[in-house]
Amino acid sequence: MIIVIKRRRAMKIDRIDQGRNGRRLENLLDPGSCFVRLRDAGISEGASRLKLEQQLSLSYTVIVPLGGSGTLELGDQSMVMKKDHAYFCPPECTFGWSGDGSGELSAMILRLDIYEERDGQVEAISPERMSSAIPMGKGIPVTPAGRLEKLCRAIQVNVNSRDRLKVWRAHLDCYELLFAAAAATSERTTDTREALERSKAYMEERFVEEITINQLAAMAELSPKYYVDLFKKTYGVSALDHLTKLRMDKAKHLMTHSERLLKDIACEVGYTDPFYFSRKFKQTFGLSPSQYMKQRSRRLAVYGRSAIVGYLLAMKVIPHAAPLHPMWSKLYYTQYGSDIPFHLNAVRQNYHRSQNLELIAQSKPELIITHQDLEQWERERLTAIAPIVELQDEERGWKEGLLALAEVLGERSEAHRWIEGFERKLEHSRQKLSPVGDRPRVLTLKRLRNQFFLFSNRGMHDVLYDGLGVRAAYEHPDPNYSIPISLEEIDQIEADTVLLLICRDSETLEEWKALQQSTAWLTMRMVRDNKLHQIPSQPWREYSPLALEQMIDEAMQIFYGNCP
Numbered sequence: 001m002i003i004v005i006k007r008r009r010a011m012k013i014d015r016i017d018q019g020r021n022g023r024r025l026e027n028l029l030d031p032g033s034c035f036v037r038l039r040d041a042g043i044s045e046g047a048s049r050l051k052l053e054q055q056l057s058l059s060y061t062v063i064v065p066l067g068g069s070g071t072l073e074l075g076d077q078s079m080v081m082k083k084d085h086a087y088f089c090p091p092e093c094t095f096g097w098s099g100d101g102s103g104e105l106s107a108m109i110l111r112l113d114i115y116e117e118r119d120g121q122v123e124a125i126s127p128e129r130m131s132s133a134i135p136m137g138k139g140i141p142v143t144p145a146g147r148l149e150k151l152c153r154a155i156q157v158n159v160n161s162r163d164r165l166k167v168w169r170a171h172l173d174c175y176e177l178l179f180a181a182a183a184a185t186s187e188r189t190t191d192t193r194e195a196l197e198r199s200k201a202y203m204e205e206r207f208v209e210e211i212t213i214n215q216l217a218a219m220a221e222l223s224p225k226y227y228v229d230l231f232k233k234t235y236g237v238s239a240l241d242h243l244t245k246l247r248m249d250k251a252k253h254l255m256t257h258s259e260r261l262l263k264d265i266a267c268e269v270g271y272t273d274p275f276y277f278s279r280k281f282k283q284t285f286g287l288s289p290s291q292y293m294k295q296r297s298r299r300l301a302v303y304g305r306s307a308i309v310g311y312l313l314a315m316k317v318i319p320h321a322a323p324l325h326p327m328w329s330k331l332y333y334t335q336y337g338s339d340i341p342f343h344l345n346a347v348r349q350n351y352h353r354s355q356n357l358e359l360i361a362q363s364k365p366e367l368i369i370t371h372q373d374l375e376q377w378e379r380e381r382l383t384a385i386a387p388i389v390e391l392q393d394e395e396r397g398w399k400e401g402l403l404a405l406a407e408v409l410g411e412r413s414e415a416h417r418w419i420e421g422f423e424r425k426l427e428h429s430r431q432k433l434s435p436v437g438d439r440p441r442v443l444t445l446k447r448l449r450n451q452f453f454l455f456s457n458r459g460m461h462d463v464l465y466d467g468l469g470v471r472a473a474y475e476h477p478d479p480n481y482s483i484p485i486s487l488e489e490i491d492q493i494e495a496d497t498v499l500l501l502i503c504r505d506s507e508t509l510e511e512w513k514a515l516q517q518s519t520a521w522l523t524m525r526m527v528r529d530n531k532l533h534q535i536p537s538q539p540w541r542e543y544s545p546l547a548l549e550q551m552i553d554e555a556m557q558i559f560y561g562n563c564p
């Protein structure tokens with residue numbers, strides 16, 4: 001439902017720029033010209049360690065914690081989830097969360113289309129304009145306590161009602177929720193958690209200065225002892241360790257972005273004694289600053305698929321620029337993100353090729369590693385920046401691709417060492433399956449929007465069938481296939497284990513959520529017999545040495561649980 005309120009004259013909300021030009025900012029959102037369509041509303045709840053994997057939102061998404069506590073991930077940001085706060089995720093952004101074990105975690109998810117009328121035209125509101133009224137990607141405290149929860153639970157009840165007036169009421173409550181968030185944006189809260197976050201933000205802005213626990217505790221209006229305990233309980237790391245990590249990450253950034261001397265870098269991140277800085281650096285990262293700089297002396301850039309990163313890391317080579325994202329390349333982003341100075345856009349890369357090429361140029365690489373199916377204009381742009389190496393087609397296999405790349409980089413010994421370790425792990429896992437008699441029959445499926453597909457790729461084929469030797473419940477001559485299939489047809493296939501990959505866009509997830517409540521789904525044999533296992537996109541849609549190694553670990557976890 002869309003509600004449009006017409007007025008004779010629009011009330012423009014302007015703000016005055018207090019900068020040197022004193023210009024009037026004309027491009028701010030007028031809330032009175034906005035209207036909202038509620039696409040979906042639901043409460044996610046479960047165990048205290050409930051985890052919601054990151055998913056792509058195609059519309060505005062509002063997340064309201066209702067109980068328990070955990071960490072919310074919005075794109076590449078993470079923050080503590082707080083009750084009586086609303087978190088706004090813009091379109092084309094990802095979100096997810098994980099509980100911290102302190103009480104059952106539950107949260108409301110609202111998906112909204114938000115429009116405005118401008119110059120007689122109705123158009124979707126951009127995140128930039130929306131942010132002028134409601135900030136994206138941060139928690140907005142709403143008072144009084146319980147107001148947000150009451151609104152959310154009313155929306156949840158009414159939106160599913162057969163009474164159209166109650167459905168209308170749900171849409172009106174969405175307006176009230178947006179109004180409450182906009183009205184609260186400029187309010188300043190003074191609770192302990194907010195004070196703690198202000199002290200953390202102070203550290204992140206001024207970590208190069210001398211900062212003491214007494215100073216931070218005074219800022220939060222807490223005793224030093226209570227501040228230390230509360231900081232570690234809240235963020236999982238001590239305040240001083242957090243400060244050290246900030247300084248060391250900045251030091252790594254300077255080492256890879258500049259030609260500064262080590263003593264100058266130490267001074268710039270808050271250490272007057274370069275020897276003490278070196279000891280702290282080695283204590284944090286396991287190698288000295290000089291060893292780190294030697295390791296990173298070669299500037300390599302990755303353009304295109306993030307799977308290329310999985311080839312480089314197998315040889316202990318960390319690129320200077322690469323496509324990274326906490327959902328599509330979670331392993332690389334989490335473990336190596338701070339070591340890679342230039343993060344290319346990994347969300348719908350075809351829409352961001354020019355932007356990514358600009359970042360490649362800024363990184364000043366000596367060599368660019370990419371894939372073979374480039375368009376001619378991309379290849380010309382890349383070769384104008386630096387020499388390029390195109391990774392071999394996956395049909396020739398990952399081992400041949402790894403060794404060919406290793407030859408170019410002078411890392412053949414590292415590549416052979418990695419392959420030997422991989423083959424030992426694969427053989428050990430295969431032997432573990434042999435004593436149980438017949439190897440399991442495995443069916444691999446994909447769900448996109450409202451359609452199931454018989455789905456496989458070369459990585460799945462190499463690990464499951466050629467590597468571990470499990471039997472395919474559906475035989476196909478090509479390792480890469482995606483064939484539409486109905487629920488009825490799936491139910492006729494004999495399988496011991498079903499691996500299901502759910503695409504993480506909001507449209508697919510909405511369809512998937514509805515299907516799981518249906519009788520047709522609940523009566524499926526694979527559901528009744530507990531044979532179904534969901535698998536994530538990474539590693540299961542990636543073809544790289546590291547992804548295949550991770551597939552082995554996850555497959556054995558599915559077949560044997562936590563058994564060693």
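Everything in the sequence shown is counted per the UniProt record's numbering, starting at 1 for the first residue and increasing by one.
Ideal Cβ placement from N, Cα and C applies to all residues, glycine included.
Given D393 as reference, the closest of H533, T370, R39, N345 once Cα atoms are compared: T370
Host beta strand (DSSP E) of D438 (start-end): Looking at the DSSP string, D438 is not in any beta strand (DSSP E), and its letter there is neither H nor E.
Helix, strand or coil at N160 according to DSSP, with G and I counted as helix: coil
Nonlocal neighbours in the same chain, by C-beta distance under 8 Å from Q372, ignoring five residues either side: E390, L391, Q392, D393
At least 3 beta-carbon pairs within less than 8 Å: the segment 403-410 vs the segment 463-481: no
Supposed contact pair L548 and W377 - C-beta distance, whole angstroms, cut 8 Å: Wrong, their Cβ atoms sit about 33 Å apart, outside the cutoff.
Residue from F452, S506, E510, K513 with nearest C-alpha to L499: When only C-alpha atoms are compared, the closest one is F452.
Limits of the alpha helix (DSSP H) - the one that P90 falls within: In the DSSP assignment, P90 falls outside any alpha helix (DSSP H) and carries neither an H nor an E.
N- and C-terminal bounds of the alpha helix (DSSP H) containing H311: As written in the sequence, residue 311 is Tyr, which differs from the His given in the question. Under the DSSP assignment, Y311 falls in the alpha helix (DSSP H) whose first and last residues are 307-314.
Per DSSP, the bridge partner or partners of E116: C34, E123
L546 beta carbon less than 9 Å from that of G337: no
Run of the beta strand (DSSP E) containing N480, from where it starts to where it stops: From DSSP, N480 is part of no beta strand (DSSP E); its letter is neither H nor E.
Three-state secondary structure (DSSP) of S223: coil
E395, enclosing beta strand (DSSP E) - first and last residue: Run containing E395: none; DSSP gives neither H nor E here.
Sheet register partners of H343 (DSSP bridge): A322
Which of helix, strand or coil DSSP assigns to M136: coil
CA-to-CA distance, N214 to T444, given in whole angstroms: 56 Å
Separation of A133 from E149, as counted between CA atoms: Here the alpha carbons of A133 and E149 stand approximately 22 Å from one another.
Contacting residues, own chain, Cβ-Cβ under 6 Å from M524 (five flanking each side not counted): D491
Coil, strand or helix - E210 by DSSP: coil
Close-in-space but distant-in-sequence residues of the same chain around L426 (CB under 7 Å, 5 per side omitted): Within its own chain, the residues whose Cβ lies closer than 7 Å to the Cβ of L426, once the five positions on either side in sequence are excluded, are G467, I552, listed in chain order.
Whether A220 touches A195 by CB criterion (9 Å): yes
P365 - containing beta strand (DSSP E), residue span: Counting along the chain, P365 falls outside any beta strand (DSSP E), and DSSP gives it neither H nor E.
Buried versus exposed, by CB contacts within 10 Å (16 or more), K12: Note on K12: pLDDT 33, under 50, position unreliable in the model; the coordinate value appears next. Classification of K12: exposed, given that the 10 Å Cβ count is below 16.
L52 to Q550 span [Cα, whole Å]: 20 Å
Secondary structure of T190, DSSP reduced to three states: Caution applies to T190, whose pLDDT of 47 falls short of 50 and renders its modelled position unreliable; the value that the coordinates give is listed next. Three-state result, T190: coil.
Contiguous beta strand (DSSP E) assignments of at least 3 residues, all confined to the UniProt domain "HTH araC/xylS-type" (197-295): Entirely contained in the UniProt domain "HTH araC/xylS-type" (197-295), not one beta strand (DSSP E) run reaches 3 residues.
Whole-number beta carbon distance between Q54 and P326, since they are thought to touch under 8 Å: With a beta-carbon spacing of about 6 Å, P326 and Q54 fall inside the 8 Å limit used to define contacts.
Continuous alpha helix (DSSP H) stretch holding A301: start and end: Unbroken run through A301 is the beta strand (DSSP E), 300-302; no alpha helix (DSSP H).
Three-way DSSP call (helix, strand, coil) for P141 in this model: Three-state result, P141: strand.
Cβ contact check for the segment 96-103 and the segment 199-219: 3 or more pairs under 8 Å: no
Cross-strand partners of P65 (DSSP beta bridge): A107
Straight-line gap, I211 to K245 (C-alpha atoms, nearest Å): 14 Å
Residue interval of the beta strand (DSSP E) (run including L501): 497-502
Between the CA atoms of Y227 and R449 - distance to the nearest angstrom: Approximately 48 Å, taken between the alpha carbons.
Separation of Y333 from D249, as counted between CA atoms: 14 Å
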